[in-house]
Every structure is written in structure tokens, then in C-alpha cells.
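S.K.: One structure coming up, written as C-alpha cells, with questions to follow.
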Amino acid sequence: MTDTAVESRPPTRPAGPAAPPLRPQNRQFAVLAVLVLLAVPLPLILPPAQGAVAVRILIFLIMAVGWNIMSGFGGMFSFGHAAYFGLGAYTSAYLLVEHGVSPWVGMAAGMVVAAAVAMVIGYFSFRYDLKGAYFALATFAFAEMLRLITTSSDAVNGAVGYQVPLIQGSSVGQLQFPAGSPAYFWIALVLAGGAVALSILFRHSAAGRYVVAIRDDELAAASVGAPVMRHKLLTVALSGAITAVAGAFYTQYYLFIDPQLAFGSSVSIEAIVTAVIGGIGTIWGPVVGAVIVGSLSDVTATLLATPPEFLSFLQGRSGLDVILYAVMLILIVRLMPKGIFGTLAEKVAERRRR
Amino acid sequence: MTATIDSDAPETRAPSATVAVLKRAGVVGALVAVAIAVALIQSGSGIVVWQSVVTGLLTGGLYGLIAMGLTLIFGVLDIVNFAHGAMLAVAMFLSFGVVAVTGLHPYLTMLVTVPALFLVGALVHRGLLSGAGGATLENQLLITLGLSLLLENGLLLFLGAEPKNVTLPGETHLDVFGAVVSGSRLYAFLGAVALGLVLYWMLQHTRLGTAIRAVASNSPGAELVGINVRRIHTLTFAIGAACAGAAAALAVPLLSVTPTLGEQFNITAFVVVVLGGMGNVVGALVGGLLIGLVEQLTTIYLDGQSSLLGVFVVFVLVLFLRPQGLFGRRT
Amino acid sequence: MSVLELSGVDKKFRGLHALSDVEMSVSEGEIVGVIGPNGAGKTTLFNVICGALKPDAGSVHFDGSDVTGRKPEKIARRGMVRTFQLMRPFASMTVAENVSLAAQHHTRGPERLRERAMEVVERVGLTEWAHRRATELPTAGLKRLELARALAARPRVLLLDEVLAGLLPAEREPVLDLLAELRQQDGTTLVFIEHIMAAVMRLSDRVLVMDQGAVLATGTPDEVTADPRVIDAYLGEEPTPHADA
Amino acid sequence: MIVRRLIAVLGAGSLLATAGCGGSAPSGAAGDAAGSGDGPVRIGALHPVSGSMAVDGLQMRRGAQLAVEQINDSGGIASLGGREVRLATADTQGKPEIGQSEAQRLISDGAVGLIGTYQSSVSSNVAVVAERNEVPFVMDVTASDEIFQHGYRYSFRVQPGSAKISESAAEYLEQVSEQAGKPAERVAVLHEHTDFGTGAADAFETAAEKLGMEVGPRISYDATTASDFTSQITQVKASGADVLVVAGYYGDSLLIAQAVDAVKPDLDAVWGVSNGAYDQPKFVSDAGELGDRYFSTNYHFDAQNPETRRLREEYRQRFGAPMRTGAVLSYDAVQAIAAGVEEAGSTDPAAVRNGIARAEIDPLTVGDGPVRFGPDGENVNSAAVLMQIQNGRVKQVYPPEKAESDPDYSVAW
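Protein chains in written order, with the UniProt record's numbering: chain A, 1 to 354; chain B, 1 to 331; chain C, 1 to 245; chain D, 1 to 413.
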């Protein structure tokens, strides 16, 4: 077992890169602040239809940030984030419609429920040592079970789902505004900004560092004192809670939720694809991915409605947006496994080092 | 599945493997018997339960058929092929197209679908899954996921969503002690058994099969004794895809052909694969039968619930308690 | 008084007896070498001690309390830390981050943490590499990183799994010096698996010889090398394996 | 190296970007110009012209287009001095959130009213958008009754609701079976388990029990996964039911017909309720003989109305396919909005809403009279009709005033 390829190079190369700043998160927070500020005037500039796309992008963003915490930082590949999205959506919708609870409270409750469910699923998966594909399949199975159960549970309106009752005028407390109001975008922006900020905080916290170490090598991390189970559970809980915010906001924005929209596998796939295209395990990957994936279906829809000459045979057909993001997904995984942001960031870092 | 510990203890095969398998088969058999008995009490009608069992087994054969290719790929390449269902859909469209254009007997379209899917499988493996980009499990998962989205939506884009149907010429119905069995389902079932036997024979008694098994159990070792691992991987993937081709021709008279039909079978097929033990074609067949039964019994137990719910419950239990499958050994 | 005590430890892998009835006792401040042919169960022994594997029978006591089957991180936090024979760096982190991670549980504040980590990095001679990816290190560097990471966790008992393997003779010296210094300055107890006999002879107070999962012999280096059973076991394989690889 | 990779990946992206700019410019430019002022009156049509419902969605869009052409050919909106009508189309892709943003886009482009959307979940979302923007939304096909329980002022529906169809189905069943001398006493119900099938089954059960029929067993299934119904039909057979009611989509209903053929339960009739297959010409060709004499109660184009015949003939010639009921309903929906504009003499959506509420139009779909909307927005004269497959054709058989031929209350096997 001895390593025979002995390398004789003594570790005495000229000094490597300079020490990173003590608090690398400060720069990331600054970038985040700039991005948020730049985004603030968007709904006033964009035409209403594009404004809706912008909100959709932010919803994607929150989902992808949630997924990325568990699967990117934590390395626990989830194929069932629809479970947490759906729990957020359903908890808030149920509390609002059945009990008149403010959607903000509903959102918080949704986060708690999603975090709890994530921890239960996580606990059993880790306890029974499910890894890789098996873990992915288990998460998928749980999301699907939730979909099937809600579909046939009268207690949550079965397959009909919930329609959020309309109120007169606008109310921040009820999270409802006139159609096309920029307030939706701003609230989504705050939530998304909060999610990214949370992911920055987490990544640079002691817990976040443990989680990344556990991802890299679980036994080695445990052997230097990283509490494995506790941190994995913390990660899935945080991830579930953030994703639940996306679900709760989705319900308030679209005012309607049903089992397929909440727990359908396409929700999980959207979260995955967004994060992967942007860059798994990076802070900004989900942001980049959300902008691309979120606007893609709108772009292809216009493309298909009025196709250019050479694509005229596509008129009135569908699936192009999914095809494009499938192709993008495959190409990116094959050619830029760190995603668009991850690969670019690495390039820049390498250049700086030279 | 055990934690990766650099243990210096080599693993050895338990001498009583066959006994253990038989014992587990006994346990499973007993569970099934109990489940059927409970269903009898619940429904109160012998003929209904009997028909459910027969239907469950026949549908289960179909699941086994579809899962065989998947389990082969899973077992040898360790790839969770999310595109398997989409490949099945492609093959079904192909089969439908051949029937529609040439009027060939649906089963004979196998002559087209099997080689075509073999080729597709080989191309997919060579083009997308081999080499560095296809190395990690996450990447394979993502690539096959992308591929399934691509194939499904490609079918949708070019062929439309309208369901297409193929009828089996000379469809008959048989009476099996009061239960009705339609010919097409019986043939598909028999086809599944035959395909299982062919694959089993191929793996056990041909040079290719030996090479595949060698690669599955220890690919660096196989490399050392002169087996071209990459070629075996491509061949295995192609054979797995070709199985989907065969399954498509056998199943095409049973189902409405739609671009998304793969979704319906994909997850069930995964359950079957895990249940039967990855890489185990006979296990896939047995797992398929069990899942078929579970589905049917779920509809008796839980009226109003989707039959899939029972499947997922079984799936999660198996994942947690016996991730190596009913007939597999812990690796 | 013994700081580490194993009694009747048994571990089977599917019929194979990886450890059978292992008894072992290490005193505070002692240096114990563990030798034996490949497949003798040495790494399995470490895995059982550190909680990576649960023994089928027997018990492991650390510092007077029973830690049998406790989680690895619990044992590590109590002060029993191991290194790995095959280096297992955290691939996405720099050398300094790798090391500071191990110090995290007993250090508050980023400044303190960085200082601690850099101290340890310097001690093993990796200062120049501190801010490079751990995966960029050559083998010798990775070995040092293993050691550094274990040291950063502030071990009272340090279990080293072939920490010299893969190093050139010239590279071994500083490591051996460091180990000796560890005991002298920090009072650390050392248990180390090693194939390189010269190092075992020089460093060990006591040597434990394992063969086929069982303890073949224990004693001072001189006693052990004179033991005919030990000679037999080794002749069965190869003469003083890796003596000077 | 990495640059080349980047180019490869971004290639697809740039294609998109250019297409996106080219595509979105016109919709943005159209902006607030239309609707008010002098341009054509815009009516928004939201249908799933892509995705798994694309065939029906496209049919409906074309149906709406034909209605617009008909209006313009007969002189446009008279009360606005003959202003033309234009259809602004949008693709919902069958997804509620897309439907919602597209509805918003159509409204901001100046649509005076919306029609759509074929799927209940999408209509639910669009109804909300319509309500908040105070723009009328006339649903052509939307089965769910749930939307009309929120007291929305701007939602209207041409087709009969799910409950109404189910009630009619029960009534027709009682009457037809009575007339045939084989009164239905025990009715088995097989329905898909989402809102659509469950709602239909619930309403049918209530109505049937009121009429003295016994309902049972009730069996539900998941249409997305079911691939064989032999067990369910065996259960029906074992129960000794006279009639089998089926509320399902196309594929599952076809499988049920196949299972019925295999098991041959001792039934007097198979009775589709809001069924997605048993009144479709496609079912006749896919199922062949085994679908013979299947009944289906549903909304339907009025095969007895010469106007409808003319329209369907035109459709067949133009588009080379038989015009489905959904398309005829879209035609009616557009007519309703146009009538509303005519009545209001204004393109202000709120005025149009009131116009629609007052208007009466003669429908090309089966109804008990002109389309007239009640205070809840439902068409008070909507009606369901009983159809049966006879000799390879779907025929209206009941009630007598809509019948093309008599119901044949006997099974084919």
C-alpha cells in the first residue's frame, strides 16, 4: 500500500499565493449589496411581462441557493427538493386559507416544517448510510410520496390545491399587491438577497467549514473532531428552510398551489439545473444559473411564437426551452463541471496567481 | 455501501450465500402470502384478489423487462441511468412508426428497435458518459437527467403529445382459474422471462458475459488481465439500452405511446433495480413481479391512493434496510 | 497509569477475522510502534480505536472511560487523534484551511484560529504551501499535512498510520525529530504503525507485533526482534519489508 | 482550451439571446397602444399550444381565430363604428405560472378580455389575474367548479361545469335506462383521482343517489401511472353493478375500455362522465369495435345546428382535421367577448365586463338557449348532451331535441 511514486521535490517552492483576507465573506457581502442595489430599479424599468420573469428568476434563485447549501456545500445530492419547496408552499397556503394566518407567519412556519422534515429524512438517510445515487433516489422518493399524499388528502384540498383569497388593495402584512406591482419584485429581492447572505454566512461559519470538510472526506473530518451527523442535519435543515421560502413566496405571487406544482419532480429538477448550470458549491453559481434558467422559458416562448425563418417549422411546438436547458446541462457538466460561475472564477483566480 | 475505510482486510464470500438467498426468498414469499391474505380479508372477494395477483404479476413482468437493461448498466458501470425511461419512449415511438409505416407485426419491430437502441446506447456512452466529464456519480446523474429531458422534449417537439396506440393483431383473452389474462400482456410477460434468461445465459456462459462480470466486480483487475474496460462499458451500456428496445416492442401494444411515458416507468424501474439488487437481471425480474404485486395490493388496501405510494413505501424501506437489494450482497 | 486500554477486541469482516482478541495497553507519554505484515489488521486496529469501526466484541478505554463504538468525532475531541495511511486531505481547501479545521473545536475567533493553524503549519514545515490547495501538495507534503491536521486537533494520544511511508530517507529525519519533540515538549502519547524498522527501533519505547489479526508479541524493540515467532511471521512474507524503500 | 469550452457552451446561449431580443421587441413595442384608441379591439386567447395538451390548445386557438374572422367579415363591432377585432394569442404551455404571466402580458398589451385556457389549474391562475386587473375572462373549457366559489366578478364560463355535467349524466342515465326497460339500479364508478375525476364522481354520486340509484363500488386510480385496469374491472364485475361510470382522461379511459373487453363484466352500459375519450373520434379509431355503444355525457358542439356544421366544415378544410368541441367553445367564448364590447360600446375592460354580463349570444355548442351569464359568471343555459358511439361514429343521442339518433342501451359484447 506504500506510495511508490516518491516525489523528491521538497516543499520549498517560492512563496505561494498570499494569505486570503481574514474575513473573505466581507467582499462577498459587498458584492451582494451592489447586486441588490442594482436590481432595485428593475421593476420600474422593465415592461410588466419581463417584470414577471424577473420575479420568477428570484424564485429560482432562492430554490437554487437552498439546493446548493445541501448538495453543493454539503455534497448530499438531493433529487427531491420539491419536498421542501412544496412544504413551504403548502404550509403557508394552508395556514392562510384555512386559518387566516398572515403569509409571513406561514412562511416562517413553512421553514420550520421543511427544516423538520428535512432533518427526519436526513436522519434516516444518514443513519442507514445512504450515499450518492441511493441518497438521491431516497430524496426523490420522499418528495414523490408527499406529492401523492397531498393529492389524495382532503385535509389539504387534495388535487385541487389552494387558491389564495384576493384582498382589496395592497398589504405588506398579507403579502398581496395589485397585479404587476413592483412590490412583489422588491420583496422577492429581499428574500433572495437574504438567502444569498445566509449562504455566505453559512459557508464561512465554523459549521459551514465542517460541512465542506465532511463533504470532502467524512471520516477524515470526523477524525479531527467534526461532528458529522449534527452538521449534516443542520445543513439539510437550513437548505430545506431556504427552499421553503421559495415555495411560500411562490404561493403568494401566483396565488395558487396544487400538489403537482408544489411537489412535482420538475421543481426538483429546476433547483438542480439552476445550481448546476451556474456552478455547484459556489456562492454565486445559483445566482448566475437562476438568471439563465429563469429567463430561458420566456425567451424560447417568444422564439416559438414568432420563430425566425430557419426555425419556422418549430412554430406552435413546445419543449424547446427544456431541450435547451437539457443541452446546456449536459454541455456544462461535460465541459465545465464547475458551472459557468465556478469555471470563470477559477480561471480568474489562476490568472491572478500567475 | 459501507463507509470507505482503508481497511487492509480483504473481503471474502460467505460460504452459505445460496442458503441465505433461499432464506430471504422464503421470507419474501411469506410476506407476500400475508399481504395477499390481508387483501383477501379487506376486499372480501376471492376473484378480485386473484385477478389482482395475476394482473400484478403480469404488470410486474413488464416492470422487470424494463428494469433489466437498467440494472445491467447500474451494476456494471455504476451509472444511474435517468434516461432509461426516455430511451424506452424513443424505442416505443420507433416501434409505433415502423408498425404505422410498414404494417409489421408489433413484436417484429424488435428487429429495428433492438439494434437502433443498441446504437443509441453505444453513442450515448461514448459521447457523453465515458471519459473525465462522466466520472463522478453526480455528473452521470446530471448527464442522464439532461439526456432524459432532451429525449422526452425532443419527441414532444417533433412528434407531438398526441397519444399513439398500436393494437396487437389477433388479441385474445385467456381465462386462468377465473382471472382474465389478455394475450398481449402474457406475451410481454413471457418475453420478459425469456429476455431475463438470455441475459443471464449471456452473462454466465459467453466470453463477453465473463468480461462484463469481471469489469463489474473489479475493473482495475479486469484491465490488468487485458480486458478493454472502456469497450466493455460501452457494450454494456449499449446492451442495456437494447433491452429497452426489446421491452418497447413487447410493451407497445399495451400502452399509449407518449413522449413522457418513460417517466411513468423510470422510477418504478429504479425501485425494481434496487429491490432486485443492482446488476442482477434475475433479481430485476423478481423485483418487478414484487412491485407489480405491491401496486395492485396498494389499490386494494388504500382506496383512493395512487398505487405508486405503496411502491415508494417499499422503496424507502428497501433503501434503508437492504440497500443491496433482496438478493444482493453488501459490497 | 494507562491512557489507552484495549481488551478482548474482536472484529470480523464477513468470516475473516481481522482482529481477534486484541489486548493492548499504552501508558501516558509512551511511544508504541505497531508492526506486522500487510493484512495483519493494523489499520483495522486504528479504525476500531478511533471509532471508525465498531468492534464485534471487547472494549476500548481512553483515559479511563469506555469509548467503545463511540463516534470518531467524540473520540477525537477527547484528545485521541489519528492520521491516515492513504492521505485524506480536504480537497477543496488550502493547506491552512485543512489545518485550521482541525483546530476549530477548541479555538474561538478567526484571528486565533489562523494563528494556531499557522503555528502548526510552520511546525511541520509547510509554511510556503499554506495558502495553496491541499491537492497541489506532493506526497511528502501530504504526509506532513496529515500530521499537521492531527496536531492541530491537540491530541493527547496521537495514532500515526505509516506517516513515514513514501518519504525519502532525508525527509524522514525532520518528521522523526518532530515526533520525539512532541513527546518531550507536549507530553503526547504516540502509537504508530510503521514498516520502516529503523524508525521503529529508534523511536519506540515498546513494540506491538501483529499477525493475522492477533497480537503476536509485545516488548521493547530489542526483545521483539529477538522473538522467533516474530522472525517467523516476517520470513513468511519478506525480510523486513520496506526496510529502506 | 477553457475559452473554447466556454464558446461551445455559450453558443447556445447567444442564439437564445438574439432570438429573445428579436422576439420580445414587438410585444414590448405594441405596449399600451392597442386596446384603447383606434386600433383593432384585442381579445386575448390563452391556450396550451405547446406541451402535452398542444393538440387541443392549437384547435382552440384556431377556433378563436375563426370567430374573430367571422366577426370582422360581418362588419366588426358595430357600436364602435365597425372597428375590427384582433386575436392576441399566448401559449400557456399548460403551466399555471406561465399562463399567469402570459395573461398579464396580454392585459398590458391592451386586451379587452381573455378567453381560455383548457386546464383548470391554469384557469384558476388566469382568473386571479383577470380579477385583479379588472379585465373579463371568459372560459371556454375549464371543468373545475372551484373557481366560481370565490365570487370573482370578472370570470365567466361558457361550458357547463363539472357538477352540471355529472348531474345531467345521472339524469340521462335514469331516463335512458328506464326507457330501455332496464332501469339502472346499481352503478359502479371508476374515476381518476385528481380534482377532475373526483369532482365528477362526487357530483354524479350525489345526483344518482337522489334519483334512487345505488352507487358502488367507487374506485379511483392514478391516471399517470395506471397501465392495466383488469383488476378494477374484475372488482366491478364482482360487485354485480348494472352500469359502469368512467370519469377519466384519454389514455386511461382507453385502457379501461380494453379491460372491459377482456373481463366482459355483466353490464348494461359503460357511461362516460366528462370523459376524455368516449366522445372522441380518436377513441373510435383507437379502440375499434370494443368501444362500440359506449356512452358519454359531456359538453359538445351542437351537431344539429347548421351554423356549427358550416363552421366545422370550414375548419376541416382549412386545417385538415376535424374540429373538436373545445375549439367550438373557444369560438363561442370569443363571440361572448365581442358581444360584450358591442353591448358596452366601449373598449374599457370594466365596461366590457358589464356588457358581457348583459349580452346574449347563440352558441354553436349544445345549450338550453342562448349563452347568458348568471351573477356567478356561469352560463345559465349551458347543457350537457349524451353521446354514444354507434357504427364507428360519435352521435348525439339524448336529450331527444338534440339527438341525431336513438340511444342503444345494450352492450356490444
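Cβ atoms here follow ideal geometry from the backbone N, Cα and C, with glycine treated the same way.
Examine chain A for any beta-carbon lying closer than 8 angstroms to the beta-carbon of residue 435(D), and answer yes or no.
M.R.: With chain D covering only 1 through 413, there is no way to say anything about residue 435(D).
S.K.: Of the residues Y254(A), I121(A) and G122(A), which one's Cα is nearest the Cα of S101(D)?
M.R.: What you label residue 101(D) is simply residue 101 of the fourth sequence in a count that begins at 1. Taking only the C-alpha atoms, the option nearest S101(D) is Y254(A).
S.K.: Suppose the cutoff is 7 angstroms on Cβ atoms and the five residues either side in sequence are ignored; what does the same chain contact list for D286(D) look like?
M.R.: As a working note, residue 286(D) is residue 286 in the fourth sequence. Same-chain partners within the cutoff: L254.
S.K.: Which of helix, strand or coil does DSSP assign to A226(D)?
M.R.: As a working note, residue 226(D) is residue 226 in the fourth sequence. Note: A226(D) maps to coil in three-state DSSP.
S.K.: On the CB-based measure, 16 or more other CB atoms within 10 Å of its CB, does K164(D) come out buried or exposed?
M.R.: Start at 1 with the first residue of the fourth sequence, and residue 164(D) comes out as number 164. Label assigned to K164(D): buried.
S.K.: So is D129(A) buried or exposed if we call it buried at 16+ other beta carbons inside 10 Å?
M.R.: By 1-based counting over the first sequence, the position of residue 129(A) is 129. Exposed is the call here.
S.K.: Look up G355(D) in the DSSP assignment and give the residues it is bridged to.
M.R.: As a working mapping, residue 355(D) is identified with position 355 in the fourth sequence. G355(D) is not bridged to any residue.
S.K.: For V124(C), which option in L142(C), D227(C), R133(C) and R114(C) has the closest C-alpha, if you only look at C-alpha atoms?
M.R.: Numbered from its first residue, the third sequence carries residue 124(C) at position 124. Ranking L142(C), D227(C), R133(C) and R114(C) by Cα distance to V124(C) puts L142(C) first.
S.K.: Could you pull out every residue in the same chain whose Cβ sits closer than 7 angstroms to the Cβ of T300(A), ignoring the five residues on either side in sequence?
M.R.: In the first sequence, residue 300(A) corresponds to position 300, counting from 1. Cβ within range, chain order: L320, D321 and L324.
S.K.: Establish whether the CB of L156(B) and some CB of chain A are separated by less than 8 angstroms.
M.R.: If you number the second sequence from 1, residue 156(B) lands on position 156. It does; some Cβ of chain A falls within 8 angstroms.
S.K.: Just list the residues that DSSP pairs R351(A) with in beta bridges.
M.R.: Looking up residue 351(A) in the first sequence gives position 351. Paired residue(s): none; R351(A) is not in a bridge.
S.K.: Taking the straight line between their C-alpha atoms, what separation do you get for L275(B) and A143(A)?
M.R.: On the second sequence, position 275 is the one that residue 275(B) refers to. On the first sequence, position 143 is the one that residue 143(A) refers to. A direct Cα-to-Cα measurement between L275(B) and A143(A) gives close to 19 angstroms.
S.K.: What's the C-alpha gap between V95(C) and A130(C)?
M.R.: For the purposes of this step, residue 95(C) is identified with residue 95 of the third sequence, where counting begins at 1. For the purposes of this step, residue 130(C) is identified with residue 130 of the third sequence, where counting begins at 1. Taking the straight line from one Cα to the other gives about 5 angstroms.
S.K.: Quick one: does E162(B) have its CB under 8 angstroms from some CB of chain D?
M.R.: Numbered from its first residue, the second sequence carries residue 162(B) at position 162. Judged by the 8 angstroms Cβ criterion, E162(B) is in contact with chain D.
S.K.: Quick one: which unbroken beta strand (DSSP E) runs of 3-plus residues sit fully inside the stretch 254–302 of chain A? Chain order, please.
M.R.: none
S.K.: Between R203(A) and chain B, is there a C-beta pair that is closer than 8 angstroms?
M.R.: As a working note, residue 203(A) is residue 203 in the first sequence. So, not an interface residue.
S.K.: Would you say Q159(D) reaches chain A, if we count a Cβ-Cβ gap shorter than 8 angstroms as a contact?
M.R.: Counting from one through the fourth sequence, the residue named residue 159(D) turns up at place 159. No - not a single Cβ of chain A is within 8 angstroms of the one on Q159(D).
S.K.: Can you pull the chain A neighbours of V128(D), defined as C-beta to C-beta under 9 angstroms?
M.R.: As a first step, residue 128(D) is located in the fourth sequence; it is residue number 128 there, counting from the start. Chain A residues near V128(D): Q163, V164, L166, A179, Y254, L255 and F256.
S.K.: Does the stretch 372–392 of chain D come close enough to the stretch 154–163 of chain D to have 3 or more Cβ pairs within less than 8 angstroms?
M.R.: yes
S.K.: When you check each C-beta in the stretch 304–331 of chain B against every C-beta of chain A, which residues fall closer than 8 angstroms?
M.R.: G304, Q305, S306, L308, L309, F312, V313, F315, V316, L319, F320, L321 and P323
S.K.: Given that G158(A) touches chain D, what residues does it touch there, using C-beta distances under 9 angstroms?
M.R.: As a working note, residue 158(A) is residue 158 in the first sequence. Those within 9 angstroms of G158(A) in chain D are H193, T194, D195 and T198.
S.K.: If you measure from the beta carbon of T151(A) to each beta carbon in chain D, is any gap under 8 angstroms?
M.R.: For the purposes of this step, residue 151(A) is identified with residue 151 of the first sequence, where counting begins at 1. Yes, T151(A) counts as interfacial toward chain D.
S.K.: Under 8 angstroms, Cβ to Cβ, is there at least one residue of chain A near F84(C)?
M.R.: Taking the first residue of the third sequence as 1, we reach residue 84(C) at position 84. Yes - at least one Cβ of chain A is within 8 angstroms of the one on F84(C).
S.K.: Return the residue from the list T234(D), Q104(D), S123(D) and Q149(D) that minimises the CA-CA distance to V53(B).
M.R.: Here residue 53(B) corresponds to residue number 53 of the second sequence, with the count starting at 1. The shortest C-alpha separation from V53(B) is found at T234(D).
S.K.: Would you mind listing the alpha helix (DSSP H) stretches within the stretch 275–335 of chain D that are 4+ residues and don't spill past its ends, in chain order?
M.R.: Correct list: 281–287 and 306–319.
S.K.: Taking only runs that begin and end inside the stretch 162–202 of chain C, name each unbroken alpha helix (DSSP H) of 4 or more residues, in chain order.
M.R.: With a minimum length of 4 residues, the continuous alpha helix (DSSP H) runs that stay inside the stretch 162–202 of chain C are 169–181.
S.K.: Please list the residues of the stretch 211–231 of chain D that have a C-beta atom closer than 9 angstroms to any C-beta atom in chain B, keeping them in chain order.
M.R.: P217, R218, I219, S220, Y221, D222, T224, T225, A226, S227, D228, F229, T230 and S231
S.K.: At a cut of 8 angstroms, does the stretch 235–246 of chain D reach the stretch 57–76 of chain B through at least three beta carbon pairs?
M.R.: Between the stretch 235–246 of chain D and the stretch 57–76 of chain B, the count of C-beta pairs closer than 8 angstroms stays below three; the two stretches do not touch.
S.K.: With DSSP collapsed to three states, give me the class of A34(D).
M.R.: Here the question's residue 34(D) lines up with position 34 in the fourth sequence. Residue placement at A34(D) is poorly supported in this model, since its pLDDT is 41, which falls under 50; the coordinates still yield a value, given next. Reduced to three states, the DSSP call for A34(D) is coil.
S.K.: For V26(C), list the residues DSSP reports as bridge partners.
M.R.: Position 26 of the third sequence, counted from the first residue, corresponds to residue 26(C). Bridge partners of V26(C): L4(C).
S.K.: Output the distance between the C-alpha atoms of R144(C) and V191(C), rounded to the nearest integer angstrom.
M.R.: Taking the third sequence and counting its residues from 1, the one referred to as residue 144(C) is at position 144. Taking the third sequence and counting its residues from 1, the one referred to as residue 191(C) is at position 191. Counting only the Cα atoms, V191(C) lies some 17 angstroms from R144(C).
S.K.: By the 10 Å Cβ neighbour count, where 16 or more other Cβ atoms means buried, how is T172(B) classified, buried or exposed?
M.R.: Position 172 of the second sequence, counted from the start, is the residue given in the question as residue 172(B). T172(B) comes out exposed.
S.K.: Please compile the residues from chain A whose C-beta is within a distance smaller than 9 angstroms of the C-beta of N133(D).
M.R.: If you number the fourth sequence from 1, residue 133(D) lands on position 133. For the C-beta of N133(D), the chain A residues within less than 9 angstroms are, from N- to C-terminus, P178, A179 and G180.
S.K.: On the three-state DSSP scale, how would you describe V19(B)?
M.R.: Position 19 of the second sequence, counting from 1, holds the residue named residue 19(B). In the structure shown, V19(B) sits in a helix (DSSP, three-state: H, G or I).
S.K.: Give every residue of the same chain whose Cβ lies closer than 6 angstroms to the Cβ of V120(B), excluding the five residues on either side of it in the sequence, and list them in chain order.
M.R.: For this step, residue 120(B) is matched to residue 120 along the second sequence. Taken in chain order, the residues that qualify are A241.
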